[in-house]
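Input: a single structure, listed below in structure tokens.
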Amino acid sequence: MHYTARAHTNIALLKYWGKVDEALITPTTTSISLTLDEFYTDTTVWFDKSLQSDQLILDGETISGSAAQKVSRFLDVVREMADINDKAYVVSNNHVPTAAGLASSASAFAALAGAASKAAGLNLSVTELSRLARHGSGSATRSIFGGFAKWVPGDDRTSFATPIFEKVDWPIQLLTVVINDQPKKIGSRLGMQHAKNTAPFYDMWVRLANSQVNDMILAIQQHDIVKLGELAEANALQMHAMNTTSVPSFNYLTDKSWQVIMIAQELREQGIPVYATMDAGPNVKLISRPEDTFIIKKELANIVTSSQIIIASPGPGIKVTSGDKI
Ligand code: ADP
Ligand code: DP6
Ligand code: CO
6 MHYTARAHTN IALLKYWGKV DEALITPTTT SISLTLDEFY TDTTVWFDKS LQSDQLILDG
66 ETISGSAAQK VSRFLDVVRE MADINDKAYV VSNNHVPTAA GLASSASAFA ALAGAASKAA
126 GLNLSVTELS RLARHGSGSA TRSIFGGFAK WVPGDDRTSF ATPIFEKVDW PIQLLTVVIN
186 DQPKKIGSRL GMQHAKNTAP FYDMWVRLAN SQVNDMILAI QQHDIVKLGE LAEANALQMH
246 AMNTTSVPSF NYLTDKSWQV IMIAQELREQ GIPVYATMDA GPNVKLISRP EDTFIIKKEL
306 ANIVTSSQII IASPGPGIKV TSGDKI
């Protein structure tokens, strides 16, 4: 049986940046995210007795190497749960740049969890799917859900995401400035490992990040874009500070990223609530209100072209269908 799943990416408002257990992908901190409508992955999976090895076809190309290995290891988890041995075809299409810091691993492994579990004959709850997706990529844990979600630390059984509000009925958008859509040099996995192992203030980051959780939930509950934005921007800059203070130092942000961050600051001085957040890549997402899009774009016009700006709104949770098409 073929199953196809669509899962959307999510942007972390409070970031996950470090694992307690590298194999189980359990996080050092609680993270909070918003799932986005504009960026997603469609993945179709079917198991085939005649296959010698798993096959990954990503955006029309057969993939080998570490990306294929990651998928195969993930399928091993599914096979063990379903008690089957067959290898699988995985045909995936990213509607998001791959490995550019726009969370392709989140939508990818959430979609793979949905499609592969169904194709293997499992009927998992959303909690079980979230836990399974975590085995592929930490951020995928949250992409099972639409809207705002929270992922907590814990052990293999207790670390999964839960929705905060799946329906977002107030004006918030992530105006995404695509500065570079090419794969980053240091993947998130390696980056966070290096930061955890060498950044001198890493323990402080853990304490700080966990202390921001209740305030972020309150800001979400109160539809308070100022409080939400202030916390998200501070948390993102703290995460990037971990990277620049790692030994040896590394950095995902470019001059252009900083120019966009400065524009958010300038707009705030004019009383417009615009806040920057960046994942593991140079691309900047501006937390903002739809009504301010025009003025934000006007300010950005000196730095990027309009084709580099994508407006992302709150997106839905995972959807799985039988057959090839969503
Ligand atoms: P990103 O910021 O895009 O999440 P990561 O470094 O976290 O970057 O993850 C990128 C990796 O995720 C890719 O190198 C690949 O291993 C995996 N990946 C991305 N998209 C897919 C997909 N559709 N199917 C399988 N694996 C994927
Ligand atoms: C900066 O989930 O991509 O986007 O678990 O190793 O696959 P792995 O890493 P990944 O890391 C995401 C890091 C981040 C912050 C976040 O999404 O919470
Ligand atoms: Co990722």
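Residue numbering for the sequence shown follows the working numbering, starting at 6 and increasing by one per position.
We treat Cβ as the ideally placed atom computed from N, Cα and C, and that holds for glycine.
Everything numeric in this text was worked out from a predicted model, so none of it was measured.
The continuous beta strand (DSSP E) containing Tyr8 extends over residues Tyr8 to Leu19.
Judged by their CB atoms, Phe52 and Ala124 are nearer to each other than the 7 Å cut-off. Shown here, Gln313 sits in a helix according to DSSP, grouped into three states.
Where Tyr94 is concerned, the enclosing beta strand (DSSP E) starts and stops at Lys92 to His100.
Here Asp297 is not near Ile266, since their CB atoms are 7 Å or more apart. From the listed residues Asp186, Ile68 and Ile308, the smallest Cα separation to His100 is found for Asp186. In this structure Gln217 is buried. Its beta-carbon is surrounded by 16 or more other beta-carbon atoms within 10 angstroms. For Glu43, the enclosing beta strand (DSSP E) stretches over residues Ser36 to Asp53. For the ligand DP6, a non-hydrogen atom lies closer than 6 Å to the CB of Ile30.
In the three-state DSSP reduction, Ala154 falls in the strand class (E or B). Residue Ala93 holds the alpha-carbon nearest to the alpha-carbon of Ser55 among Thr67, Glu66, Ala93 and Ser38. For Lys330, there is no enclosing beta strand (DSSP E), since its DSSP letter is neither H nor E. Residue range Tyr207 to Ser216 is occupied by the alpha helix (DSSP H) that includes Tyr207. As computed with DSSP, Leu179 is found in a beta bridge with Ile292 and Ala317.
Scanning its chain for C-beta atoms nearer than 8 Å, with the 5 sequence neighbours on each side dropped, one finds no residue around Gln227. Short of 7 Å from the beta carbon of Ala224, and not among the five residues preceding or following it, lie these beta carbons of its own chain, in chain order: Lys232, Leu233 and Leu236.
Under the three-state reduction of DSSP output, Ile230 falls in the helix class.
In this structure, Ala104 is the residue among Val131, Ala104, Ile230 and Asn98 with its C-alpha nearest to the C-alpha of Leu195. Nearest to Lys190 by alpha-carbon distance, out of Tyr257, Gln74, Arg273 and Arg11, is Tyr257.
Each residue's CA atom was taken as its position, placing Met221 and Asn240 some 11 Å apart. Relative to the ligand ADP, the nearest heavy atom lies less than 6 Å away from the CB of Thr103. Nearest neighbour of Ser36 by Cα position, chosen from Asp329, Leu18 and Trp175, turns out to be Leu18. The Cβ atoms of Ala115 and Ala28 lie no closer than 7 Å to each other.
For Ala166, the enclosing beta strand (DSSP E) covers residues Ala166 to Phe170. At least one heavy atom of the ligand CO sits closer than 6 Å to the Cβ of Ser110.
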